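Position 225 of the sequence shown, counting from 1, maps to 216 under the numbering used here, and the rest follow consecutively. Ideal Cβ placement from N, Cα and C applies to all residues, glycine included. Predicted model only: the values in this text are computed from it and were never measured. Here the structure comes first, spelled out in C-alpha cells, and everything after it is commentary.
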Amino acid sequence: MTATPRLRFAPSPTGYLHVGGARTALFNWLYARKTGGKFLLRVEDTDKARSTDESTRAIFEGLTWLGLDWDEEVVFQGANVERHQRDAFRLLDAGLAYRDFTTAEQLDQLRKDAEARGETFTFDRRLAELPPAELQARLDRGDPFTIRFRVPEGSTSWEDLVHGTITFPNKDIDDFIILRSDRTPIYNFAVVSDDIDMGITLVMRGDDHISNTPKQILLYRALGAALPTFAHLPMIHGMDGKKLSKRHGATAVGDYQHLGILPGAMRNFLALLGWSPGDDREVMDMPELIEAFTGEGLLKKASVFDLKKLEWMNGQHMMRLPLEELAAYLRPFVIDANLADAAQLDARHAWWLHLLDLLRVRARTVTDLVKQARPYWASDVEYEEAAVAKHWKDATAAAALLASARTALAAAPDWSPATTESVLRTVAEQAGVGAGKLFQPLRVALTGTGESPGMFDVLTVLGRDTTLRRLDAALARLAGPA
Ligand code: GLU
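Written as C-alpha cells, this is what we have:
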C-alpha cells in the first residue's frame, strides 16, 4: 500500500501572497486533491524580524479567496524551535554534526583572508577539532558555539519530478551551520525537521530552492528519515522575459481580487503557469483542473505572466459562471461603487440577472461589468464625450431622429423586443436612414455611451418610462446651447 501523499505550502510571512507563491500553493493543492492526499500549510516565521501577523493574515486571505483550503491545523515553524534544537543535538550526539566555537569575528577574518588569496571561503572543520579537555573547559565556561553539519564526501542526487536527475558534488557544500549560537535553527534545518515531522512526501516549490535541496537531502539522511520526492517549479517571467517583479505591475493576488478578477479565472490562469493538461484546453474550472493535474504535466521552462491573457481568461469565466454566482460575487463591488445598495439589489434581482447576462459578453473584469452596468442603475445618464462627439455630431439630424423615435416608442402597443424593433425600423425607414444611423444616437441617449448590448435588449432592460425620460433629456440637451 502506498502512503497517502502529503504536501505543503510553506510561505514566509514577510509580505503579501504573491503570484509565484499562489502558483506554488495551487499546484500543491491540485496534486493533493487529485491524489486524495493532504494539503498542509506551514508558516515559516522563524525570521522574527521580518515576519508579521499582517502578512500571515494576508496569505490566509489570499489562499481562501483562491479556494485553496488546507487540511489539518496550520503549522507555525517558530513554535517548533525546541524540536529543531533536539534534532540538531541528535546529530551532534551521533557525530554527524559538531560544535564550532569559532567566533563571528574570527570567521570574518578567515573570510577576508580567503578573499585576499582569491579563494572562496569554506569552513575547515579542523578548526573545530578541539582537544577534549579544551572542549570541556569551553563548555564549562559556557562559551557560545554553533552546530555545524558534517557534510559527507561523495555527491548528492535526486530525481526531480520536473527536472529529472540533478546532482551536486558534496565538495561544493560547506559544513553548514544548522543551529546558531543563540540556539535558533538555520532555515534549511528547520524546513527539513518540519517536513519530516509533518510526514511530507512531495516537496513542490519554486526552482529558486534547487540549491537548498542537496543540503536538505543530506539532512534527511542524517536524521534517518525517508526522502520525499522533490518537484521544482519553473520561474514566472514578465512579458519582457525577466523574472516577474513589481516593475511588471501587480504581483499580489489581492491586487487582482480588487481589479475584478474572479478567483476561478485566477486559479485557471495560475494553473497554466508551469503546467499543461497535455492538450490544448485552456479554460478550465476547478474540477477539470483537479482531474487533469499530473506531475507529468509540469513544465520545465519559465512561464510568462500575460495580463491580457488573464483578462481574457476572466471574461471566459464570467461567461461560464452561473448567473446567480456571478451576481453574488459582484454584490460587494456594486455596493462599493454606489451603483445600488443591498435592498435595491434584492428588489431587482431578476432584472439584475438579466442585465448581467447581457453585459458579461463584453466585459473582461468584474470592475468592467460594474462600470458597464452603471447607466442601467443610475437615475440619469452621464454622456461620454467621445460618444456624443461621434454619434451626435449633427445635432439637428440626431434630434430629429430621436424625436421621431420618442413619438413612435410612446405609442408602441407593447414593450416586447419584437414590437420595439418593428417600431424603430419603421422610424428609420421613414427617415430614409439605415437602422444603424438611428440606433447609435439612440444608444447615446439611453446609455450615454457608444457601446451596449443590442438595442432592443437595452429597451427591455430600461422599460418604457425610463426610455422616454432619457429621450426627453437627450432632446433637451441637443436643443440646448452648443
Ligand atoms: N519559505 C520558503 C519560501 O517562502 C519555502 C520553503 C520550501 O518550500 O521549502 O520560499
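query: Apart from the five residues just before and just after residue 24, which ones in its own chain have a Cβ nearer than 6 Å to its Cβ?
result: Locating residue 24 in the sequence shown gives position 33, where the first residue counts as 1. Within the same chain, residue 24 has close Cβ partners 281.
Identity of the residues DSSP links to residue 157 by a beta bridge: If you number the sequence shown from 1, residue 157 lands on position 166. Residue 157 is bridged to 149.
- prompt: Would the beta-carbon of residue 353 be found less than 7 Å away from any heavy atom of the ligand GLU?
  reply: Here residue 353 corresponds to residue number 362 of the sequence shown, with the count starting at 1. Checking the Cβ of residue 353 against the ligand GLU gives no.
message: Between the alpha carbons of residue 19 and residue 333, how many angstroms are there, rounded?
response: Translated into positions along the sequence shown, residue 19 becomes position 28. Translated into positions along the sequence shown, residue 333 becomes position 342. Each residue's Cα considered, the two are about 38 Å apart.
- request: State the DSSP-derived secondary structure class of residue 16, mapped to helix, strand or coil.
  value: Start at 1 with the first residue of the sequence shown, and residue 16 comes out as number 25. DSSP places residue 16 in helix when its eight states are reduced to three.
query: Per DSSP, what kind of secondary structure is residue 243 in: helix, strand or coil?
result: Position 252 of the sequence shown holds residue 243. If DSSP states are grouped into helix, strand and coil, residue 243 belongs with the strands.
- request: Kindly indicate which residue of 158, 253 and 49 has the alpha-carbon position closest to the one of residue 5.
  value: Indexing the sequence shown from 1 puts residue 5 at position 14. Minimum Cα distance to residue 5 is reached at 49.
- prompt: Count the other CB atoms within 10 Å of the CB of residue 465; is the residue buried (16 or more) or exposed (fewer)?
  reply: For this step, residue 465 is matched to residue 474 along the sequence shown. Buried, because 16 or more other Cβ atoms sit within 10 Å of the Cβ of residue 465.
- prompt: Is the segment 7 to 21 touching the segment 208 to 220, taking contact as three or more C-beta pairs under 8 Å?
  reply: no
message: Given the structure, does residue 436 come close to the ligand GLU, in the sense that its CB is under 7 Å from one of the ligand's heavy atoms?
response: On the sequence shown, residue 436 is found 445 positions in, with the first residue counted as 1. Answer for residue 436: no, Cβ out of range of the ligand GLU.
task: Given a cut-off of 8 Å, decide if residue 36 and residue 68 are closer than it, judged by their beta-carbon atoms.
output: Here residue 68 is taken as the residue at index 77 of the sequence shown, counted from 1. Here residue 36 is taken as the residue at index 45 of the sequence shown, counted from 1. Their beta carbons are under 8 Å apart, which means residue 68 touches residue 36 by this criterion.
task: Rank 224, 271 and 389 by C-alpha distance to the C-alpha of residue 264 and give the top, closest one.
output: The count along the sequence shown starts at 1 and reaches residue 264 at position 273. Residue 264 has its Cα closest to that of 224, out of 224, 271 and 389.
Opening and closing residue of the alpha helix (DSSP H) in which residue 191 lies: Working through the sequence shown from its first residue, we reach residue 191 at position 200. Neither: residue 191 is in no alpha helix (DSSP H) and is coded neither H nor E.
query: Under three-state DSSP, which class holds residue 186?
result: Mapped onto the sequence shown, residue 186 falls at position 195. Correct three-state label for residue 186: helix.
field: Close-in-space but distant-in-sequence residues of the same chain around residue 151 (CB under 6 Å, 5 per side omitted)
entry: Stepping through the sequence shown from its first residue, residue 151 is reached at position 160. Answer for residue 151: 157, 221 and 223, listed in chain order.
For residue 58, the nearest candidate out of 104, 166, 309 and 253 (CA to CA): Position 67 of the sequence shown holds residue 58. Considering only alpha carbons, the answer is 253.
task: Give the secondary structure of residue 293 by DSSP, where H, G and I count as helix, E and B as strand, and everything else as coil.
output: Position 302 of the sequence shown, counted from the first residue, corresponds to residue 293. Residue 293: coil per DSSP, three-state reduction.
query: Anyone know if the C-beta pair for residue 374 and residue 435 falls short of 8 Å?
result: In the sequence shown, counting from the first residue as 1, residue 374 sits at position 383. In the sequence shown, counting from the first residue as 1, residue 435 sits at position 444. A contact, by the Cβ cut-off of 8 Å.
- prompt: Is residue 88 buried or exposed, if buried means 16 or more other CB atoms sit within 10 Å of its CB?
  reply: Here residue 88 refers to the residue found at position 97 when the sequence shown is read from its first residue. Residue 88 should be labelled buried.
query: With 16 as the cutoff for other CB atoms within 10 Å, does residue 238 come out buried or exposed?
result: Position 247 of the sequence shown holds residue 238. Exposed, since its Cβ has fewer than 16 Cβ neighbours within 10 Å.
query: Opposite residue 411 in the DSSP bridges: which residues?
result: Along the sequence shown, read from residue 1 onward, the residue named residue 411 stands at position 420. Its beta-bridge partners do not exist; DSSP assigns none.
- prompt: Do residue 14 and the ligand GLU come close, with the Cβ less than 7 Å from some heavy atom?
  reply: What you label residue 14 is simply residue 23 of the sequence shown in a count that begins at 1. It does not: the Cβ of residue 14 is nowhere closer than 7 Å to a heavy atom of the ligand GLU.
- prompt: Hey, quick one: how far does the alpha helix (DSSP H) through residue 204 stretch, first residue to last?
  reply: Your numbering for residue 204 matches position 213 in the sequence shown. That run of the alpha helix (DSSP H) goes 204 to 213.
query: For residue 329, is the classification buried or exposed, using 16 other Cβ atoms within 10 angstroms of its Cβ as the cut-off for buried?
result: In the sequence shown, counting from the first residue as 1, residue 329 sits at position 338. Exposed, because fewer than 16 other Cβ atoms sit within 10 Å of the Cβ of residue 329.
message: Would you say the beta carbon of residue 485 is closer than 7 Å to some non-hydrogen atom of the ligand GLU?
response: Summary: the structure shown does not reach residue 485, with the chain confined to residues -8 through 473, and so no result is reported for it.
query: At which residues does the beta strand (DSSP E) containing residue 456 begin and terminate?
result: To locate residue 456, count along the sequence shown from 1; it is residue 465. Careful: residue 456 lies outside any beta strand (DSSP E), inside the alpha helix (DSSP H) at 446 to 470.
message: So for residue 85, helix, strand or coil by DSSP?
response: To locate residue 85, count along the sequence shown from 1; it is residue 94. Coil, per DSSP.
task: Please classify residue 381: does DSSP put it in a helix, a strand, or coil?
output: Taking the first residue of the sequence shown as position 1, residue 381 is located at position 390. Residue 381 falls in the helix class under three-state DSSP.
- prompt: Can you list the alpha helix (DSSP H) stretches of 4 or more residues lying completely in the segment 13 to 53, in chain order?
  reply: none
field: For residue 171 and residue 131, the rounded distance between their alpha carbons
entry: Within the sequence shown, numbered from 1, the residue matching residue 131 stands at position 140. Within the sequence shown, numbered from 1, the residue matching residue 171 stands at position 180. Each residue's alpha carbon lies about 19 Å from the other.
query: Looking at residue 455 and residue 406, is the spacing between their C-beta atoms short of 8 Å?
result: Translated into positions along the sequence shown, residue 406 becomes position 415. Translated into positions along the sequence shown, residue 455 becomes position 464. Closer than 8 Å, so yes.
Boundaries of the beta strand (DSSP E) in which residue 532 is found, first to last residue: Because the chain here runs from -8 to 473, residue 532 falls outside it and cannot be looked at.
task: Kindly examine the ligand GLU and report whether one of its heavy atoms sits closer than 7 Å to the Cβ of residue 200.
output: The sequence position of residue 200 within the sequence shown is 209, counting from 1. At least one heavy atom of the ligand GLU is nearer than 7 Å to the Cβ of residue 200, so yes.
- prompt: Closer than 7 Å: is that where the CB of residue 182 sits relative to any heavy atom of the ligand GLU?
  reply: Against the sequence shown, residue 182 aligns to sequence position 191. Yes - the ligand GLU has a heavy atom lying nearer than 7 Å to the Cβ of residue 182.
- request: Take residue 362 and list the residues in its own chain whose beta-carbon comes closer than 6 Å to its own, dropping the five residues that flank it on each side.
  value: Along the sequence shown, one-based indexing puts residue 362 at 371. So the list is empty, once near-sequence residues are dropped.
field: Terminal residues of the alpha helix (DSSP H) in which residue 129 lies
entry: Walking along the sequence shown from the start, residue 129 turns up at place 138. 123 to 132 is the span of the alpha helix (DSSP H), which, as asked, contains residue 129.
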